[in-house]
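**Student:** Have a look at this one.
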Amino acid sequence: MSNASRSKALQSVGMVLGLAVIAWLFYMPVHGNKAEVTTWTLLLTSVALAVNWNLTGGFTGYVDFGHAVWFGIGGYVSMILITPRSSLQAGWVPENWPIWPSIILGALAAGLVANIVGRFTLKLSGAYFSIAMLGFFVFMREVVRVSKPITNGGTSLDVNNLEIIGSANYWYYIQLSLVIALVAFSWWLRRTRFGSSLVAIREDEIGAEMRGINTTRNKVWVFTFSAFSTGLFGGMVSFQGSSIEPDTAFIEVRTIDAVMGSMLGGLGSVMGPVLGMTVLYLLRNVLWANLLDYHLLAQGVLLASIVLFLPKGIIGLFGGQTGNIRKMLGMSEREGSRTSTFDGMESSFDEDGNIREGARTTRLASEAEVEVPGI
Amino acid sequence: MSPSLSDHQVHAARPVLAAKGVVKRFGGLTAVNDVDIHVNAGEMVGMIGPNGSGKTTLFDCLSRVQEATSGSILLNGTEITRKKPHQVAHLGLSRTFQILRVYRDLTVLENMQLSVQWGKVGFVEMFRGTSKATTERAEHLIDFLLLTRLRNDRAGSLSGGQRRLLELGMALMSDPNIVLLDEATSGVNPTLIEEIKERIRILNQEQGVAFLLVEHDIRFIRDLCERVVVLNYGAKLAEGSPQQIMENNEVIEAYFGADGTEVSGSGGRV
C-alpha cells in the first residue's frame with residue numbers, strides 16, 4: 001500500500017473511531033455514576049489545557065512552562081467577581097455576578113495579561129522564554145497569596161451560594177462540548193495561513209520575518225488565545241469545586257501535564273494532545289493503583305522516555321508527521337552541526353549563526369524542518 | 001555581456017535601495033564601517049570582499065535582520081532604519097540567506113505557498129487557506145525556476161543547488177522590486193550556476209527586479225552586474241564596473257596579497 005493511501009485509510013479509521021468515542025462520551029453520563037462523570041470531567045480539563053498549550057508550545061514552538069498561570073488567573077478573577085469580600089463590596093466589584101459573565105471575564109483577564117506579558121516574553125527564545133514564563137507563574141501565585149484583601153491570601157475563596165454551581169453532568173457536557181470545539185478550532189487554525197505562519201515561526205523565525213510574516217503579532221495573538229481558553233477552564237473548574245486557593249489554582253502539575261500529554265501524543269499535531277493526555281491519564285490511574293509510593297518517579301521516567309524514544313509521540317508511530325521535540329529542546333544533532341553533504345552542496349559557513357542580538361541567539365533551524373499538518 | 005552606459009543612466013534616476021553611512025558595531029568590533037551603498041531600479045549590483053569583510057552583516061542591516069548602529073537606509077524612498085524585517089519585506093525587499101532557510105519537510109510547492117505577500121493578506125484572508133492565486137503564482141515560479149519535476153518533493157530531498165533555486169523562488173513570491181542574494185552559488189554545481197544566472201538575468205531584464213548580490217564567484221558577478229562594490233574590513237574599498245574592479249590593485253592586494261598571482265591560478269574565483 002502506498003504511503004498516501006495508507007495514511008488515508010488510517011485517517012478514515014481514526015475518523016470512525018473518533019466519532020464513536022464522541023458518541024460514547026455523550027452517552028456515558030446517562031449510565032455513569034457521579035464519580036465517573038467527575039473523573040471524566042477532570043480528564044476533559046486536562047485535554048483542553050494540553051490542546052491550548054499545544055497552540056503555542058507545539059504549533060509555534062514556544063514552550064510555555066508557566067501555562068497554569070492562565071488557569072489560575074481565569075479562576076481567581078471569576079471567583080473574585082462572584083464572591084465579593086467586604087473590602088471589595090465598597091465599590092468597584094458589583095455583588096454576586098452571574099456565573100457565566102464571571103467566567104468569561106476571568107478568561108478575558110487571562111487573555112489580556114497574556115497579551116501584555118507575551119509582548120515581552122515572546123521576544124525571548126527557547127529556554128529563556130520557558131524560564132520567563134515559569135517565573136511569571138511563580139510571581140503570580142505569590143501575588144495572589146499576598147493580596148489577602150482581594151484573594152483571601154493563602155486560604156480558599158469560596159462560593160457562598162452553592163445553588164448556582166450546577167450539577168456534575170452540567171459541567172461534564174459543557175466541557176465535553178468545549179473540548180470538541182477546541183480541537184476543531186485547532187484543526188481549522190492549522191489549515192489557515194495564520195496556522196502556517198505559526199509553523200514558519202517555529203521552524204525559522206528570522207526566515208519567517210524576512211518573508212513578510214509579522215511574527216511578533218502572530219505569536220502574541222496565538223498566545224493570547226491559548227491563555228484565554230485556559231482561563232475559561234480555570235473559571236469553570238473553580239466554580240465546579242465551589243472554591244479556589246493558590247495551591248490548587250496555580251499548580252505546576254497542570255503545566256507539566258499539558259507538556260507531557262502533548263509530547264506523548266505528538267507535539268504540534270492536532271490530535272496529539274488529546275491522544276497523549278488520555279493515555280497519560282489512564283496510565284496514571286494504573287500507576288496510582290499499583291505504584292502509589294513511586295508514581296511520581298514512574299511519571300518522570302515516562303517523560304524522559306518519551307523524549308528519548310518517542311520524539312514524535314503516538315501520532316508519529318502512525319506515520320503522521322509531527323514536530324520533533326528533540327529538535328525543539330535543542331537536542332537534535334542535525335540542527336547544531338552543519339557539515340558538508342557528500343555532494344558538497346552545503347556550505348559549512350556559519351556566518352549568521354548569531355544573527356540576532358540579545359537573548360535570541362539560538363539558530364532557529366536555518367535548514368528548517370517543518371512538518372506537514374498532523375492528523 | 002556588459003550593459004551600455006545609457007542603461008546605467010536610466011537606472012541612476014531612481015534608487016530602490018539607498019544606504020548612507022551604515023555602521024554596525026559588535027562591542028569593540030566594527031563589522032560595517034560607514035558604508036554608502038545604493039541600488040537603482042532594475043540595476044544589478046555585486047558585492048564582493050574577503051571572508052569576514054562584513055558583507056553578510058551589511059546585508060543583515062539592509063534587510064533589518066540586524067539593527068545598524070548608525071546610518072540611514074531608504075527603501076523605495078521610505079526610511080526603514082526603524083522598521084521591522086517583515087515591514088521591509090512588505091515594502092518590496094526580499095532576501096535569501098547564505099545558509100539555506102527552506103522548510104525541509106514541506107514540499108517545494110508548500111514552501112512557495114508559505115512565502116506569500118503577507119503584507120497584502122488581510123485579516124479575513126489570514127484565516128483562510130492558501131488562495132488559488134497564490135498557488136498559481138507559486139506554480140508559475142516553480143516552472144520558471146525549472147523545479148516543475150520536483151514540485152511535490154520534500155525540500156529536504158533537493159540538492160543544494162535546487163534548494164538555492166527554491167529559496168530564490170520563495171524570495172520572489174512576494175513580488176519584490178529588489179532582491180538581496182547572499183551567495184546564491186555557494187556549493188552549487190557549475191551547470192546549475194549557469195541556470196541560476198540565466199534566471200536572474202531574465203528576472204532583471206523582463207521584470208525589472210533589482211538585485212544586490214554577495215558572491216565569491218567573480219565570473220558570476222562579472223556576467224551579471226554593471227557595478228561592483230568591494231568591502232574590506234567592513235569598509236568600502238572600491239566601487240566600479242567589474243572590469244575596473246578586477247584591475248584595481250587595492251582589490252587584488254586585499255584578496256591575494258601584493259602580487260596577485262592567485263587570480264589566474266583560481267580561474268577567476270576569488
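So the sequences go chain by chain: A and B. In terms of this note's numbering, the first sequence opens at residue 1 and continues consecutively. In terms of this note's numbering, the second sequence opens at residue 1 and continues consecutively. Every residue gets a Cβ at the ideal spot worked out from N, C-alpha and C, and that includes glycine.
Identify the residues that DSSP records as bridge partners of V228 (chain B): which are they?
**Tutor:** Residue 228 (chain B) sits at position 228 when you count from the first residue of the second sequence. Per DSSP, B:G46, B:G240.
**Student:** Just to confirm the assignment, what range does the beta strand (DSSP E) spanning F250 (chain A) have?
**Tutor:** The residue given as residue 250 (chain A) occupies position 250 in the first sequence. No beta strand (DSSP E) holds F250 (chain A); DSSP gives it neither H nor E.
**Student:** If we ignore side chains and look at the alpha-carbon of each, how far apart do D223 (chain B) and I252 (chain B) end up?
**Tutor:** Taking the first residue of the second sequence as position 1, residue 223 (chain B) is located at position 223. Taking the first residue of the second sequence as position 1, residue 252 (chain B) is located at position 252. Between D223 (chain B) and I252 (chain B), the C-alpha separation is close to 19 Å.
**Student:** Do N115 (chain A) and T224 (chain A) come within 8 Å of each other at the CB atom, strictly closer than that value?
**Tutor:** Position 224 of the first sequence, counted from the start, is the residue given in the question as residue 224 (chain A). Position 115 of the first sequence, counted from the start, is the residue given in the question as residue 115 (chain A). Their beta carbons are under 8 Å apart, which means T224 (chain A) touches N115 (chain A) by this criterion.
**Student:** List the endpoints of the continuous alpha helix (DSSP H) containing H274 (chain B).
**Tutor:** The structure shown does not extend to residue 274 (chain B), since chain B is modelled only from 1 to 270, so the question has no answer here.
**Student:** With 16 as the cutoff for other CB atoms within 10 Å, does N161 (chain A) come out buried or exposed?
**Tutor:** As a first step, residue 161 (chain A) is located in the first sequence; it is residue number 161 there, counting from the start. That one is exposed.
**Student:** What span of residues does the alpha helix (DSSP H) with G21 (chain B) cover, start to end?
**Tutor:** Within the second sequence, numbered from 1, the residue matching residue 21 (chain B) stands at position 21. Here G21 (chain B) belongs to no alpha helix (DSSP H); instead the beta strand (DSSP E) covers 15-26.
**Student:** Using 8 Å as the threshold, is the C-beta distance between V159 (chain A) and F250 (chain A) below it?
**Tutor:** For the purposes of this step, residue 159 (chain A) is taken as residue 159 along the first sequence, with counting starting at 1. For the purposes of this step, residue 250 (chain A) is taken as residue 250 along the first sequence, with counting starting at 1. No. Outside cutoff.
**Student:** Run down chain B in chain order and give the residues with a C-beta less than 7 Å from the C-beta of R6 (chain A).
**Tutor:** Residue 6 (chain A) sits at position 6 when you count from the first residue of the first sequence. Neighbours of R6 (chain A) on chain B: none; closest Cβ ~17 Å, over 7 Å.
**Student:** Under 7 Å between beta-carbons, which chain A residues line up against L114 (chain B)? List them in chain order, please.
**Tutor:** As a position in the second sequence, residue 114 (chain B) is number 114, starting the count at 1. Simply S196, A200.
**Student:** Closest to V275 (chain B) by C-alpha separation, out of B:P50, B:L17, B:A41, would be which residue?
**Tutor:** Nothing in the structure corresponds to residue 275 (chain B), since chain B is present only between 1 and 270.
**Student:** Identify whether F97 (chain B) lies in helix, strand or coil by the three-state DSSP scheme.
**Tutor:** The count along the second sequence starts at 1 and reaches residue 97 (chain B) at position 97. Of the three classes helix, strand and coil, the one that applies to F97 (chain B) here is coil, per DSSP.
**Student:** Looking at the ligand NAP, does it come within less than 7 Å of G42 (chain B), judged from the CB to the closest heavy atom?
**Tutor:** For the ligand NAP, the structure offers nothing, since it holds no ligand at all.
**Student:** Taking all protein chains shown into account, do 16 or more other C-beta atoms lie within 10 angstroms of the C-beta of K330 (chain B), making it buried, or fewer, making it exposed?
**Tutor:** What the structure shows of chain B is the stretch from 1 to 270, and residue 330 (chain B) is not part of that stretch, so it cannot be assessed.
**Student:** In whole angstroms, give me the CA-to-CA distance for N111 (chain B) and P242 (chain B).
**Tutor:** As a working note, residue 111 (chain B) is residue 111 in the second sequence. As a working note, residue 242 (chain B) is residue 242 in the second sequence. Those two C-alpha atoms are separated by around 35 Å.
**Student:** Can you give me, in chain order, the residues of the segment 118-148 of chain B that have a beta carbon less than 8 Å from any beta carbon in chain A?
**Tutor:** The residues in question are W118, G119, V121, E125, M126, F127, R128, G129, T130.
**Student:** Can you check which of these residues, B:R14, B:D34, B:K24, B:G46, is closest to L181 (chain B) by C-alpha distance?
**Tutor:** Your numbering for residue 181 (chain B) matches position 181 in the second sequence. Per the Cα distances, B:G46.
**Student:** Which one or two residues does DSSP pair with F211 (chain B) in a beta bridge?
**Tutor:** Translated into positions along the second sequence, residue 211 (chain B) becomes position 211. F211 (chain B) is bridged to B:M44, B:V179.
**Student:** For F239 (chain A) and I150 (chain A), which I take to be in contact (beta-carbon distance under 8 Å), what is that distance rounded to the nearest angstrom?
**Tutor:** In the first sequence, residue 239 (chain A) corresponds to position 239, counting from 1. In the first sequence, residue 150 (chain A) corresponds to position 150, counting from 1. No, F239 (chain A) and I150 (chain A) are not in contact; Cβ-Cβ is about 18 Å, not under 8 Å.
**Student:** When the Cα atoms are used, what is the spatial distance from Q113 (chain B) to T41 (chain A)?
**Tutor:** The residue you call residue 113 (chain B) lines up with position 113 of the second sequence. The residue you call residue 41 (chain A) lines up with position 41 of the first sequence. When rounded, the distance between both Cα atoms is 41 Å.
**Student:** Over the uninterrupted alpha helix (DSSP H) stretch that includes G273 (chain B), give me the two end residues.
**Tutor:** Outside the shown range of chain B (1 to 270) lies residue 273 (chain B), about which nothing can therefore be said.
**Student:** If we call anything under 8 Å between Cβ atoms a contact, is D257 (chain A) one with L25 (chain A)?
**Tutor:** As a working note, residue 257 (chain A) is residue 257 in the first sequence. As a working note, residue 25 (chain A) is residue 25 in the first sequence. Going by C-beta atoms, D257 (chain A) is not nearer than 8 Å to L25 (chain A).
**Student:** Let me check one thing: in DSSP terms, what residues is T30 (chain B) bridge-paired to?
**Tutor:** Counted from its first residue, the second sequence places residue 30 (chain B) at position 30. DSSP output for T30 (chain B) lists B:R25 as bridge partner(s).
**Student:** Would you say R193 (chain A) reaches chain B, if we count a Cβ-Cβ gap shorter than 8 Å as a contact?
**Tutor:** The residue you call residue 193 (chain A) lines up with position 193 of the first sequence. Cβ-Cβ to chain B under 8 Å: yes for R193 (chain A).
**Student:** Is the beta carbon of D34 (chain B) closer than 8 Å to that of G21 (chain B)?
**Tutor:** To locate residue 21 (chain B), count along the second sequence from 1; it is residue 21. To locate residue 34 (chain B), count along the second sequence from 1; it is residue 34. Going by C-beta atoms, G21 (chain B) is nearer than 8 Å to D34 (chain B).
**Student:** At which residues does the alpha helix (DSSP H) containing I314 (chain A) begin and terminate?
**Tutor:** Residue 314 (chain A) sits at position 314 when you count from the first residue of the first sequence. Residues 313-317.
**Student:** Kindly give me the distance between the Cβ atoms of T380 (chain A) and F233 (chain A), rounded to whole angstroms, as I take these residues to be in contact under 8 Å.
**Tutor:** Residue 380 (chain A) cannot be examined here, being either before or after the span of chain A that is shown, 1 to 375.
**Student:** Look up A254 (chain B) in the DSSP assignment and say whether it is helix, strand or coil.
**Tutor:** As a position in the second sequence, residue 254 (chain B) is number 254, starting the count at 1. The answer is helix: DSSP assigns A254 (chain B) an H, G or I state.
**Student:** Over the uninterrupted alpha helix (DSSP H) stretch that includes A133 (chain B), give me the two end residues.
**Tutor:** Within the second sequence, numbered from 1, the residue matching residue 133 (chain B) stands at position 133. Here the alpha helix (DSSP H) through A133 (chain B) covers 132-144.
**Student:** Thinking just about the alpha-carbon of each residue, which of B:D36, B:F123, B:A210 is nearest to the one in C225 (chain B)?
**Tutor:** If you number the second sequence from 1, residue 225 (chain B) lands on position 225. The residue with the shortest Cα to Cα distance from C225 (chain B) is B:A210.
**Student:** Based on the DSSP secondary-structure assignment, which residues constitute the bridge partners of E79 (chain B)?
**Tutor:** Residue 79 (chain B) sits at position 79 when you count from the first residue of the second sequence. E79 (chain B) pairs with B:L74.
**Student:** For M277 (chain A), which of A:A23, A:S12, A:T255 has the nearest alpha-carbon?
**Tutor:** As a position in the first sequence, residue 277 (chain A) is number 277, starting the count at 1. Taking only the C-alpha atoms, the option nearest M277 (chain A) is A:T255.
**Student:** Which chain A residues sit within Cβ distance under 8 Å of M170 (chain B)?
**Tutor:** Mapped onto the second sequence, residue 170 (chain B) falls at position 170. Result: R211.
**Student:** Compare the beta carbon distance of M236 (chain A) and W171 (chain A) with 8 Å and say whether it is the shorter of the two.
**Tutor:** Taking the first sequence and counting its residues from 1, the one referred to as residue 236 (chain A) is at position 236. Taking the first sequence and counting its residues from 1, the one referred to as residue 171 (chain A) is at position 171. Yes.
**Student:** For the alpha helix (DSSP H) holding I165 (chain A), just list the boundary residues, first then last.
**Tutor:** Against the first sequence, residue 165 (chain A) aligns to sequence position 165. Segment: none, I165 (chain A) is in no alpha helix (DSSP H) and carries neither H nor E.
**Student:** Kindly indicate the opening and closing residues of the alpha helix (DSSP H) around Y281 (chain A).
**Tutor:** Taking the first residue of the first sequence as position 1, residue 281 (chain A) is located at position 281. That run of the alpha helix (DSSP H) goes 272-290.
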